[in-house]
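Numbering (full-length UniProt numbering), first residue to last: 1 to 379.
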């Protein structure tokens with residue numbers, strides 16, 4: 001695997017790193033993560049196409065870009081990949097509303113499934129897509145375990161619209177699936193939150209898609225405010241400090257769900273992911289040191305599946321973590337770098353949702369408020 005990484009900032013492209021022997025004409029895949037206003041202003045696709053004439057080019061908007069061991073805003077980071085022994089295929093699906101998400105996942109699975117499929121990486125619209133349905137469709141349609149990871153595009157903390165594009169300038173309402181084929185590509189993944197849970201586990205008794213109305217028969221917002229105490233006065237911004245842990249069934253592993261909005265009139269809360277009725281939920285609170293430690297744990301978990309140093313590491317973390325950590329956000333990226341060492345090329349972005357299995361050889365899930373890491377290396 002050979003890699004080239006460049007960044008657009010301060011009105012110009014500049015090179016960050018390049019593997020010896022990299023040939024731009026031979027690159028099969030380019031991943032470009034950038035700030036939405038910049039993507040709307042620039043003709044990023046044509047600029048990258050001129051440099052990488054035969055590659056599949058995937059572009060998406062972010063809530064922050066990751067490169068050079070730091071978190072950046074207002075840039076575009078492009079990573080071009082020339083595989084030695086791996087084949088790449090891509091597919092783009094258009095989506096108009098969240099109820100089409102399951103069908104979109106089915107189409108991606110059918111399009112990419114081949115006998116030598118090694119992994120799938122997803123980049124999805126972050127505003128119109130039900131990430132839970134998207135991942136569930138892939139889990140159901142693929143009849144064997146295929147590592148699936150990726151993330152939902154972001155839009156800083158604006159939550160206005162997100163952009164994704166395959167071999168075109170990015171636009172709203174698109175999902176891109178990237179399939180990797182062959183036996184020589186090794187992939188590891190890890191996803192960790194680092195939040196503390198408190199209070200008893202309770203049942204969701206009324207919900208519609210991602211809007212939670214009742215917990216244990218009580219108005220969800222009223223119960224939430226009881227637990228927040230003095231922090232309830234700072235809602236809705238304080239909600240970032242207190243996400244929910246959710247288990248779809250008693251036997252499921254817990255996932256984290258971010259609160260996007262509250263409705264005082266309906267006494268409800270809207271989440272960045274589905275909140276099914278009969279699910280079990282617990283309140284969570286931020287522990288800054290544990291959030292940063294979780295990044296290192298996710299990186300180490302991904303490495304444990306390789307047993308050798310990765311060549312490329314893609315970090316996708318949640319916008320909620322960025323807003324909570326504030327000036328300490330760089331520390332979670334630095335924690336991952338310490339695990340990887342200096343040789344791996346590292347890229348990534350802050351998202352509206354992360355996609356990854358919780359553990360090796362398990363199904364992929366939509367996560368919020370996690371650091372999700374995917375590492376790649378060819379033998």
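Glycine is no exception: its CB is placed at the ideal position from the N, C-alpha and C atoms.
Query raised in the report: Is residue 279 near residue 204, with beta carbons less than 8 Å apart?
Result: Cβ distance < 8 Å, so residue 279 and residue 204 count as in contact.
Query raised in the report: Going by Cα to Cα distance, which pick from 162, 119, 109 is closest to residue 136?
Result: Comparing Cα positions, the closest option is 109.
Query raised in the report: Based on Cα-Cα distance, which residue from 365, 139, 347, 370 lies nearest to residue 33?
Result: Relative to residue 33, the option among 365, 139, 347, 370 whose CA is nearest is 347.
Report task. Output yes or no for whether 8 Å exceeds the beta carbon distance between residue 123 and residue 58. Result -> The beta carbons of residue 123 and residue 58 sit closer together than 8 Å.
Query raised in the report: How would you write the range of the alpha helix (DSSP H) that residue 44 sits in, first residue to last?
Result: Counted as a single uninterrupted DSSP element, the alpha helix (DSSP H) harbouring residue 44 occupies residues 44-51.
Query raised in the report: Tell me which same chain residues have a C-beta within less than 6 Å of the C-beta of residue 64, skipping the five on either side of it?
Result: Counting only residues of its own chain and dropping the five nearest sequence neighbours on each side, residue 64 has a CB closer than 6 Å to the CB of 71, 73, 322, 350.
Query raised in the report: Would residue 66 pass as a contact of residue 315 if the rule is Cβ separation under 8 Å?
Result: Taking a C-beta distance under 8 Å as the contact criterion, residue 66 and residue 315 qualify as a contact pair.
Query raised in the report: Comparing alpha-carbon positions, which option in 378, 353, 375, 282 lies nearest residue 134?
Result: Of the listed residues, the one whose Cα sits closest to residue 134 is 353.
Report task. Can you check DSSP and say which residues form a bridge with residue 198? Result -> Beta-bridge pairing links residue 198 to 283.
Query raised in the report: Can you name the start and end residues of the beta strand (DSSP E) that residue 174 belongs to?
Result: Here the beta strand (DSSP E) through residue 174 covers 174-181.
Requested in this report: Pick out the complete alpha helix (DSSP H) segments inside the UniProt domain "FIST C-domain" (220-358), 4 residues or longer, and give them in chain order.
Outcome: Considered as a whole, the UniProt domain "FIST C-domain" (220-358) harbours 220-228, 288-304, 319-325, 329-340 as its complete alpha helix (DSSP H) runs of no fewer than 4 residues, in chain order.
**Report entry** Which listed residue (244, 169, 264, 356) has its alpha carbon closest to that of residue 233
**Finding:** Distance check between residue 233 and each of 244, 169, 264, 356 places 264 closest, using alpha-carbon atoms only.
Query raised in the report: Do the CB positions of residue 309 and residue 338 come within less than 8 Å of each other?
Result: Cβ atoms of residue 309 and residue 338: not closer than 8 Å.
Requested in this report: Output yes or no for whether 8 Å exceeds the beta carbon distance between residue 181 and residue 260.
Outcome: Taking 8 Å as the Cβ cut-off, residue 181 and residue 260 do not qualify as a contacting pair.
Query raised in the report: Candidates 140, 176, 245: which alpha carbon is nearest residue 95's?
Result: Comparing alpha-carbon positions, the option among 140, 176, 245 lying closest to residue 95 turns out to be 176.
Query raised in the report: Skipping 5 residues on each side, what residues in its chain have a beta carbon closer than 7 Å to that of residue 22?
Result: Counting only Cβ-Cβ distances below 7 Å, and skipping sequence neighbours, we find 2, 3, 4, 82.
Query raised in the report: Alpha carbon to alpha carbon, what distance is there between residue 162 and residue 172?
Result: Linking residue 172 to residue 162 through their CA atoms gives a straight-line distance of about 6 Å.
Report task. Taking residue 140 as part of the beta strand (DSSP E), name the residues at either end of that continuous run. Result -> Annotation: residue 140 is outside any beta strand (DSSP E); the continuous alpha helix (DSSP H) that includes it extends over 131-141.
**Report entry** Residue interval of the beta strand (DSSP E) (run including residue 85)
**Finding:** Per DSSP, residue 85 is not a residue of any beta strand (DSSP E), being assigned neither H nor E.
Query raised in the report: Can you pull the DSSP bridge partners for residue 72?
Result: BP columns for residue 72 point to 65.
Query raised in the report: Candidates 249, 151, 189, 167: which alpha carbon is nearest residue 201's?
Result: Residue 201 has its Cα closest to that of 249, out of 249, 151, 189, 167.
Query raised in the report: Sorted by chain position, which residues of the same chain lie with C-beta nearer than 7 Å to residue 154's C-beta, five sequence neighbours on each side aside?
Result: Contacts found: 61, 62, 63, 126, 162, 319, 349, 350, 351, 352.
Query raised in the report: Mind checking whether residue 438 and residue 221 have CB atoms under 8 Å apart?
Result: In the structure displayed, the chain extends from 1 to 379; residue 438 sits before or after that span and is not available.
**Report entry** Touching by the beta-carbon criterion (3+ pairs, under 8 Å), the region 205-216 and the region 268-278
**Finding:** Look at the beta carbons and you see the region 205-216 touching the region 268-278: at least three pairs across the two are nearer than 8 Å.
Query - Beta carbon of residue 31 nearer than 8 Å to that of residue 79 - result: Yes, these two residues count as a Cβ contact at 8 Å.
Query raised in the report: Under 8 Å between the Cβ atoms of residue 112 and residue 378?
Result: Contact flag unset, no.
Requested in this report: Round the Cβ separation of residue 242 and residue 288 to the nearest angstrom and send it over; I've been treating them as touching at under 8 Å.
Outcome: Incorrect: roughly 14 Å between the Cβ atoms, too far for contact.
Report task. Mind checking who residue 119 pairs with in its DSSP beta bridge? Result -> Per DSSP, 180.
Query raised in the report: How many Å lie between residue 120 and residue 298 at the Cα?
Result: Between residue 120 and residue 298, the C-alpha separation is close to 19 Å.
**Report entry** As assigned by DSSP and simplified to three states, the class of residue 97
**Finding:** Three-state result, residue 97: coil.
Requested in this report: Starting from the C-beta of residue 254, find all residues in its chain whose C-beta is less than 6 Å away, skip the five residues before and the five after it, and write them out in chain order.
Outcome: So the qualifying residues of the chain are 245, 247.
**Report entry** Status (buried if at least 16 other CB within 10 Å, exposed otherwise) for residue 195
**Finding:** By the neighbour-count rule (16 or more Cβ atoms within 10 Å), residue 195 is buried.
Requested in this report: Label residue 115 either buried or exposed according to how many other C-beta atoms from any shown protein chain fall within 10 Å of its C-beta, with 16 as the threshold for buried.
Outcome: Residue 115 comes out exposed.
Query raised in the report: Along the chain, where does the beta strand (DSSP E) that runs through residue 376 open and close?
Result: Looking at the DSSP string, the run of the beta strand (DSSP E) that includes residue 376 is 371-378.
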